[in-house]
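See structure below.
There are 4 protein chains.
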Amino acid sequence: MRYRLTMRSDNHPDGQASVRTFTEEARRGQLIDCTIEVLVALGYGGTTLSRVAERAGVSKGVVLYHFTNKAELLEATVREVYDRGIEYAKRAWFDHHAESASPPDLLHAYLQTNLDYIAAHPAEIAATIEVSRNHRDSAGALVFGSAFEEPIYAPLEGIFRAGQESGHFRDFDPHVMAVSVRRVIDGFSFQMLAAPGLDSRAYTSEVVALFDRATRKDGTR
Amino acid sequence: MRYRLTMRSDNHPDGQASVRTFTEEARRGQLIDCTIEVLVALGYGGTTLSRVAERAGVSKGVVLYHFTNKAELLEATVREVYDRGIEYAKRAWFDHHAESASPPDLLHAYLQTNLDYIAAHPAEIAATIEVSRNHRDSAGALVFGSAFEEPIYAPLEGIFRAGQESGHFRDFDPHVMAVSVRRVIDGFSFQMLAAPGLDSRAYTSEVVALFDRATRKDGTR
Amino acid sequence: MRYRLTMRSDNHPDGQASVRTFTEEARRGQLIDCTIEVLVALGYGGTTLSRVAERAGVSKGVVLYHFTNKAELLEATVREVYDRGIEYAKRAWFDHHAESASPPDLLHAYLQTNLDYIAAHPAEIAATIEVSRNHRDSAGALVFGSAFEEPIYAPLEGIFRAGQESGHFRDFDPHVMAVSVRRVIDGFSFQMLAAPGLDSRAYTSEVVALFDRATRKDGTR
Amino acid sequence: MRYRLTMRSDNHPDGQASVRTFTEEARRGQLIDCTIEVLVALGYGGTTLSRVAERAGVSKGVVLYHFTNKAELLEATVREVYDRGIEYAKRAWFDHHAESASPPDLLHAYLQTNLDYIAAHPAEIAATIEVSRNHRDSAGALVFGSAFEEPIYAPLEGIFRAGQESGHFRDFDPHVMAVSVRRVIDGFSFQMLAAPGLDSRAYTSEVVALFDRATRKDGTR
DNA sequence: TATGAATGAGTGTTCATTCAT
DNA sequence: TATGAATGAACACTCATTCAT
Numbered sequence: 139m140r141y142r143l144t145m146r147s148d149n150h151p152d153g154q155a156s157v158r159t160f161t162e163e164a165r166r167g168q169l170i171d172c173t174i175e176v177l178v179a180l181g182y183g184g185t186t187l188s189r190v191a192e193r194a195g196v197s198k199g200v201v202l203y204h205f206t207n208k209a210e211l212l213e214a215t216v217r218e219v220y221d222r223g224i225e226y227a228k229r230a231w232f233d234h235h236a237e238s239a240s241p242p243d244l245l246h247a248y249l250q251t252n253l254d255y256i257a258a259h260p261a262e263i264a265a266t267i268e269v270s271r272n273h274r275d276s277a278g279a280l281v282f283g284s285a286f287e288e289p290i291y292a293p294l295e296g297i298f299r300a301g302q303e304s305g306h307f308r309d310f311d312p313h314v315m316a317v318s319v320r321r322v323i324d325g326f327s328f329q330m331l332a333a334p335g336l337d338s339r340a341y342t343s344e345v346v347a348l349f350d351r352a353t354r355k356d357g358t359r
Numbered sequence: 139m140r141y142r143l144t145m146r147s148d149n150h151p152d153g154q155a156s157v158r159t160f161t162e163e164a165r166r167g168q169l170i171d172c173t174i175e176v177l178v179a180l181g182y183g184g185t186t187l188s189r190v191a192e193r194a195g196v197s198k199g200v201v202l203y204h205f206t207n208k209a210e211l212l213e214a215t216v217r218e219v220y221d222r223g224i225e226y227a228k229r230a231w232f233d234h235h236a237e238s239a240s241p242p243d244l245l246h247a248y249l250q251t252n253l254d255y256i257a258a259h260p261a262e263i264a265a266t267i268e269v270s271r272n273h274r275d276s277a278g279a280l281v282f283g284s285a286f287e288e289p290i291y292a293p294l295e296g297i298f299r300a301g302q303e304s305g306h307f308r309d310f311d312p313h314v315m316a317v318s319v320r321r322v323i324d325g326f327s328f329q330m331l332a333a334p335g336l337d338s339r340a341y342t343s344e345v346v347a348l349f350d351r352a353t354r355k356d357g358t359r
Numbered sequence: 139m140r141y142r143l144t145m146r147s148d149n150h151p152d153g154q155a156s157v158r159t160f161t162e163e164a165r166r167g168q169l170i171d172c173t174i175e176v177l178v179a180l181g182y183g184g185t186t187l188s189r190v191a192e193r194a195g196v197s198k199g200v201v202l203y204h205f206t207n208k209a210e211l212l213e214a215t216v217r218e219v220y221d222r223g224i225e226y227a228k229r230a231w232f233d234h235h236a237e238s239a240s241p242p243d244l245l246h247a248y249l250q251t252n253l254d255y256i257a258a259h260p261a262e263i264a265a266t267i268e269v270s271r272n273h274r275d276s277a278g279a280l281v282f283g284s285a286f287e288e289p290i291y292a293p294l295e296g297i298f299r300a301g302q303e304s305g306h307f308r309d310f311d312p313h314v315m316a317v318s319v320r321r322v323i324d325g326f327s328f329q330m331l332a333a334p335g336l337d338s339r340a341y342t343s344e345v346v347a348l349f350d351r352a353t354r355k356d357g358t359r
Numbered sequence: 139m140r141y142r143l144t145m146r147s148d149n150h151p152d153g154q155a156s157v158r159t160f161t162e163e164a165r166r167g168q169l170i171d172c173t174i175e176v177l178v179a180l181g182y183g184g185t186t187l188s189r190v191a192e193r194a195g196v197s198k199g200v201v202l203y204h205f206t207n208k209a210e211l212l213e214a215t216v217r218e219v220y221d222r223g224i225e226y227a228k229r230a231w232f233d234h235h236a237e238s239a240s241p242p243d244l245l246h247a248y249l250q251t252n253l254d255y256i257a258a259h260p261a262e263i264a265a266t267i268e269v270s271r272n273h274r275d276s277a278g279a280l281v282f283g284s285a286f287e288e289p290i291y292a293p294l295e296g297i298f299r300a301g302q303e304s305g306h307f308r309d310f311d312p313h314v315m316a317v318s319v320r321r322v323i324d325g326f327s328f329q330m331l332a333a334p335g336l337d338s339r340a341y342t343s344e345v346v347a348l349f350d351r352a353t354r355k356d357g358t359r
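If you read the protein sequences in the order shown, they are chains S, L, R and X. This note's numbering applies: residue 139 is where the first sequence begins, and numbers increase by one. This note's numbering applies: residue 139 is where the second sequence begins, and numbers increase by one. This note's numbering applies: residue 139 is where the third sequence begins, and numbers increase by one. This note's numbering applies: residue 139 is where the fourth sequence begins, and numbers increase by one.
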């Protein structure tokens, strides 16, 4: 029988991983939304529990009632946005009949899906990036570091390699190209926020054209 | 036609020209170096005056003797790195005989110069980006925000527009392309730091090829 | 001559006699048991309502439903253990035919009874001592302070004085001796808990011998 | 080159274990004194950094400037008192010409020394005991637990064993006796504080007589 | 020039307690 | 009876900044 002085469960009598009630889920969602807003407005360093609580119109304790930690709040925020994105990506992927598409079309679909989603939810994405760039553990290491990032490159590299084998793509380093694609995509959310009037459709087709040219084998178009 | 890499550096914002002694300047340089190291190791949030002082082997007060503020220290750090970069760029530009070159060659030179410099000084660059992404004034606004960033895009957009006029480049949005170039360049420093073994020469030529393809008019190669 | 072990227990401070149902009483008992366990495991400072509730497998509110206060919970815990001890002491006292015994035998019986009980219930006793040593009112004064402790010494002092009158005991200060006896007894619970393998029988007879020698008049043995 | 985000050194530029200045030492001493006072007045649970600071007439930050931690403050307090006690004990031991003394005389000297010191510094001792009884690490384990206590019993057990070999002491368990002696000694500080008028000389000779009787072989007096 | 000392605002976190359901 | 939700005071601790020396 062991006791720990750290980490609490507080209410939620039985240890059972707390089947969250509807209102509980709603509050968590609201707090995550507020966290996103604060992250966008004030950045990672300006995102404090008090400010999140204040924006939600509740006391500071409420935040820590629903999330054990500040870390848990931030990580839940990232996970939430991530999950929503995956959900969207799956549907969009299906709509694009992506399975049967050629590598260039897949790349197109990938960029389109990502940029569309960002254009529709720039704050969520910017907030997530803000956290992943800054959130560190007590040892000073980035929590969402390279180990977290690598799997993000995998699908892109897959597309590139397939395209090189099929003869659609020229010979380039798939990793460098994947990293470049992600950089361009990730920057988009901040540009959306900085210039709200930005024509995301035009921007997207520019980016699509950019990487289409960058990857295609000469004369295959 | 002349391209400038923008931003003059002005170390002496107040009129009183350069009262700093040599040792004074040395100390400031040392403290800026330590600031860079701490920024790279612990990120913006982990960069405190004590840690900078500790790293420099001096007391905390020393830092505030040479820099009125934490803000001033950070801003001086950014400016310093910026100045060094400008210095380098000027020399490199000259070596490339850049003034007489064609737009594609200019783009090549631009990328080469930037990536070479980053490969040689990844920590400085990463530290600067860390600050420019996170440093905010008391109102929560980014100090090195878009007003600071826009002039960075100018020379690139100049090259692109010239190339489109001269018929070397296809028709694309120079701003989108400039932003994309900068994103890819800026990300490079973090990759250098994350994977010290990275072959920067190979990486650079990949990026050069990427944007050469992305910009060229079809069949002009 | 009759000795009382002092302190009546009165579970119902308010006049309204025993409105508690059976299940109510059971819950209180269970919560008190959990309180004891937490006190032993984590000490007074680590004993929080949440942890007591968690241990009992109920929500935090339940504890405050059955005990108006944290203070009341702790005080009820002390009282409960105290009452159980009194109950035991009465029976044991009777078994020892204590009423007709000589002062040395009474002292022996007192020590034996106390140490036997502690050996059988070290956690309860340690928990009680933990509370009585630490529990303070809002002004910072110990709730179970000297006013609470003095009556504990009374029966021992009674035995000593009787023994001195009867010529069994040498001339010593009954209060100092009583305090010393209590210190040795009270420490026993913690030793039991710290060294579970401890031979309590041997320990007890050592303590009995110690105080027999310490009190006897020379040559009366 | 490693950075840690925990534990600070703040000022004190070079790592060198901070040769404490005179004023630094004075402040630390003062803060330790205040800690002792608060511990005695309000107990372990009531001893907060603010209250210590308040009593010292300084701001809360000062305490943490001189002691990295609350834990360090408490541990320094214990160590300080401990060191002073050792210092005193050495001198007193020498005065008693203890080296050539018989075991009963040694026991006498031991008790006399301890109780004299406590009578002269009851608050320090009570504070120390308060900490050692309550101070736990983050896992809930007592910091000054049995591992810390055992060496305290060693000298006493040594005296007892010597006395049993020399024929001065009867046959008893040296450990049980040592524990009993310590319990009686340790309780003394609280009694001094609870009853300031207490005649410590008389009390001491009572305790000395108690353990003299408790240990002596029959008829050797 | 540099240091040690001190301050005060702010941060994350804990916890007893209240209350509607 | 019991729970979940919320509050607010208190706590340990961090950090930029000030100031006398």
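Note that CB positions come from ideal geometry on N, CA and C, so glycine has one too. Remember, it's a predicted structure, so these values are computed and weren't measured experimentally.
Exercise for the section: Find out if the Cβ-Cβ distance for the pair Gly278 of chain S, Gly184 of chain L is shorter than 9 Å. Expected result: The sequence position of residue 278 of chain S within the first sequence is 140, counting from 1. The sequence position of residue 184 of chain L within the second sequence is 46, counting from 1. Taking 9 Å as the Cβ cut-off, Gly278 of chain S and Gly184 of chain L qualify as a contacting pair.
Exercise for the section: Let me know the secondary structure DSSP gives Arg158 of chain X once reduced to three states. Expected result: Position 20 of the fourth sequence, counted from the start, is the residue given in the question as residue 158 of chain X. DSSP places Arg158 of chain X in coil when its eight states are reduced to three.
Problem - Alpha-carbon to alpha-carbon, Arg222 of chain R and Ser147 of chain R - result: Within the third sequence, numbered from 1, the residue matching residue 147 of chain R stands at position 9. Within the third sequence, numbered from 1, the residue matching residue 222 of chain R stands at position 84. Because the pLDDT of Ser147 of chain R is 36, which lies under 50, any placement of that residue in the model is unreliable, and the question is left without a value.
Handout entry: Thr353 of chain R, enclosing alpha helix (DSSP H) - first and last residue
Key = What you label residue 353 of chain R is simply residue 215 of the third sequence in a count that begins at 1. Note, Thr353 of chain R: alpha helix (DSSP H), Ser338 to Thr353.
Practice task
Taking 8 Å as the threshold, find out whether the segment 173-189 of chain X comes into contact with the segment 259-274 of chain X through three or more Cβ pairs.
Solution key: yes
Practice task
Determine whether the Cβ of Met330 of chain R lies closer than 9 Å to any Cβ atom of chain X.
Solution key: Along the third sequence, one-based indexing puts residue 330 of chain R at 192. Closer than 9 Å: no.
Problem - Stretch pair the segment 190-203 of chain L + the segment 244-251 of chain L: three plus CB contacts closer than 8 Å - result: The segment 190-203 of chain L vs the segment 244-251 of chain L: no contact.
Exercise for the section: Mark Asn207 of chain L as exposed unless 16 or more other C-beta atoms lie within 10 angstroms of its C-beta, in which case mark it buried. Expected result: For the purposes of this step, residue 207 of chain L is identified with residue 69 of the second sequence, where counting begins at 1. Asn207 of chain L should be labelled exposed.
Problem - As assigned by DSSP and simplified to three states, the class of Phe205 of chain X - result: As a first step, residue 205 of chain X must be located in the fourth sequence, where it is residue number 67. Of the three classes helix, strand and coil, the one that applies to Phe205 of chain X here is coil, per DSSP.
Practice task
For Ala155 of chain X, decide whether its Cβ has a neighbour in chain R, counting only Cβ atoms nearer than 9 Å.
Solution key: For the purposes of this step, residue 155 of chain X is taken as residue 17 along the fourth sequence, with counting starting at 1. With a pLDDT of 46 at Ala155 of chain X, under the threshold of 50, the modelled position of this residue cannot be trusted; read the value that follows with caution. Chain R, which has no Cβ nearer than 9 Å to the Cβ of Ala155 of chain X, makes this no.
Handout entry: Simplified DSSP assignment, three categories, for Phe307 of chain X
Key = Here residue 307 of chain X is taken as the residue at index 169 of the fourth sequence, counted from 1. In the structure shown, Phe307 of chain X sits in a strand (DSSP, three-state: E or B).
Problem - Through-space distance from Asp350 of chain X to Ser238 of chain X, alpha-carbon basis - result: Numbered from its first residue, the fourth sequence carries residue 238 of chain X at position 100. Numbered from its first residue, the fourth sequence carries residue 350 of chain X at position 212. For Ser238 of chain X and Asp350 of chain X, the distance between alpha carbons rounds to 18 Å.
Handout entry: Residues bridged to Leu280 of chain S (per DSSP)
Key = As a first step, residue 280 of chain S must be located in the first sequence, where it is residue number 142. S:Arg274, per the DSSP bridge assignment.
Exercise for the section: Kindly say whether Ala179 of chain R, judged by its beta-carbon, lies nearer than 9 Å to any beta-carbon of chain X. Expected result: The count along the third sequence starts at 1 and reaches residue 179 of chain R at position 41. Taking Cβ atoms only, chain X reaches closer than 9 Å to Ala179 of chain R, which makes this a yes.
Handout entry: Pick from R:Tyr220, R:Ala347, R:Ala292 and R:Arg229 that is closest to Met315 of chain X, judged by C-alpha positions
Key = On the fourth sequence, residue 315 of chain X is found 177 positions in, with the first residue counted as 1. With distances taken between Cα atoms, Met315 of chain X lies closest to R:Ala347.
Exercise for the section: Compare the C-alpha of Ala191 of chain X against each of X:Ile170, X:Glu210 and X:Tyr182 and name the closest. Expected result: Position 53 of the fourth sequence, counted from the first residue, corresponds to residue 191 of chain X. Among X:Ile170, X:Glu210 and X:Tyr182, the Cα nearest to that of Ala191 of chain X is on X:Ile170.
Practice task
Determine the direct distance from the alpha carbon of Gly325 of chain R to that of Tyr291 of chain X, and round the result to whole angstroms.
Solution key: The count along the fourth sequence starts at 1 and reaches residue 291 of chain X at position 153. The count along the third sequence starts at 1 and reaches residue 325 of chain R at position 187. If I take the Cα positions, the gap works out to 14 Å.
Handout entry: With 16 other Cβ atoms within 10 Å as the buried cut-off, status of Gly301 of chain S
Key = For the purposes of this step, residue 301 of chain S is taken as residue 163 along the first sequence, with counting starting at 1. With 16 or more other Cβ atoms within 10 Å, it is buried.
Exercise for the section: For chain R, find out if any of its Cβ atoms is closer than 9 Å to the Cβ of Met145 of chain X; answer yes or no. Expected result: Position 7 of the fourth sequence, counted from the first residue, corresponds to residue 145 of chain X. Interpretation of Met145 of chain X is limited by its pLDDT of 38, a score under 50 that renders its predicted location unreliable; no figure is taken from the coordinates.
Exercise for the section: Starting from Gly325 of chain X, follow the alpha helix (DSSP H) in both directions and report where the run begins and ends. Expected result: Here the question's residue 325 of chain X lines up with position 187 in the fourth sequence. Segment Pro312 to Ala332, the alpha helix (DSSP H) holding Gly325 of chain X.
Problem - Neighbour flag for Phe310 of chain X against chain R, beta carbons, 9 Å - result: Mapped onto the fourth sequence, residue 310 of chain X falls at position 172. At least one C-beta of chain R is nearer than 9 Å to the C-beta of Phe310 of chain X.
Practice task
Taking Leu348 of chain R as the query, report the chain X residues whose CB atoms sit under 8 Å from its CB, ordered along the chain.
Solution key: Working through the third sequence from its first residue, we reach residue 348 of chain R at position 210. Against chain X, the beta carbon of Leu348 of chain R has neighbours under 8 Å at Phe310, Val314, Met315, Ser318 and Ala352, listed in chain order.
Problem - Exposure of Arg158 of chain X, with buried meaning 16 or more beta-carbon neighbours within 10 Å - result: Within the fourth sequence, numbered from 1, the residue matching residue 158 of chain X stands at position 20. Arg158 of chain X comes out exposed.
Exercise for the section: Quick one: using the 10 Å Cβ neighbour count with 16 as the cut-off for buried, is Pro312 of chain R buried or exposed? Expected result: Here residue 312 of chain R refers to the residue found at position 174 when the third sequence is read from its first residue. Buried, by the Cβ-count rule.
Problem - Of the listed residues X:Phe232, X:Ala352, X:Cys172 and X:Gln250, nearest to Val216 of chain X (C-alpha basis) - result: The count along the fourth sequence starts at 1 and reaches residue 216 of chain X at position 78. Checked all of X:Phe232, X:Ala352, X:Cys172 and X:Gln250; the closest Cα to Val216 of chain X is X:Cys172.
Exercise for the section: Check whether the Cβ of Ala340 of chain X lies closer than 9 Å to any Cβ atom in chain R. Expected result: Locating residue 340 of chain X in the fourth sequence gives position 202, where the first residue counts as 1. Yes, because at least one Cβ of chain R sits closer than 9 Å to the Cβ of Ala340 of chain X.
Problem - Inter-residue spacing [alpha-carbon to alpha-carbon] between Glu210 of chain R and Ala227 of chain R - result: The residue labelled residue 210 of chain R in the question sits at position 72 within the third sequence. The residue labelled residue 227 of chain R in the question sits at position 89 within the third sequence. Whole-angstrom Cα-Cα distance: 25 Å.
Practice task
Taking only beta carbons into account, state which residues of the segment 276-310 of chain L come closer than 7 Å to chain S, listed in chain order.
Solution key: Gly278, Ser284 and Phe310
Handout entry: DSSP three-state assignment for Ser240 of chain X, whether helix, strand or coil
Key = Translated into the one-based positions of the fourth sequence, residue 240 of chain X becomes position 102. Reduced to three states, the DSSP call for Ser240 of chain X is coil.
Problem - Proximity winner among R:Thr353, R:Arg354, R:Ala352 and R:Val322, relative to Tyr341 of chain R (alpha-carbon distances) - result: In the third sequence, the residue the question calls residue 341 of chain R occupies position 203. For the residues R:Thr353, R:Arg354, R:Ala352 and R:Val322, the minimum Cα distance to Tyr341 of chain R belongs to R:Val322.
Handout entry: Below-9 Å beta-carbon distance, Glu344 of chain X vs any chain R residue
Key = Counting from one through the fourth sequence, the residue named residue 344 of chain X turns up at place 206. It does: the Cβ of Glu344 of chain X has a partner Cβ on chain R nearer than 9 Å.
Handout entry: Inter-residue Cα distance where the pair is Val219 of chain R and Ile267 of chain R
Key = Here the question's residue 219 of chain R lines up with position 81 in the third sequence. Here the question's residue 267 of chain R lines up with position 129 in the third sequence. The alpha-carbon separation between Val219 of chain R and Ile267 of chain R amounts to approximately 10 Å.
Practice task
Would you list, in chain order, the members of the segment 173-199 of chain S that have their beta-carbon closer than 8 Å to a beta-carbon of chain L?
Solution key: Ala179, Leu180, Gly181, Tyr182, Gly183 and Gly184
Handout entry: Gly325 of chain R at chain X interface by Cβ criterion, 9 Å
Key = Along the third sequence, read from residue 1 onward, the residue named residue 325 of chain R stands at position 187. Closer than 9 Å to some Cβ of chain X, the Cβ of Gly325 of chain R qualifies, so yes.
Handout entry: Sequence-distant residues of its chain with Cβ nearer than 7 Å to Glu344 of chain S (five each side left out)
Key = Sequence index remark: in the first sequence, residue 344 of chain S carries index 206 (1-based). Contacts found: none.
Exercise for the section: Let me know the secondary structure DSSP gives Val196 of chain R once reduced to three states. Expected result: Residue mapping note: residue 196 of chain R aligns to position 58 of the third sequence, counting from 1. Note: Val196 of chain R maps to coil in three-state DSSP.
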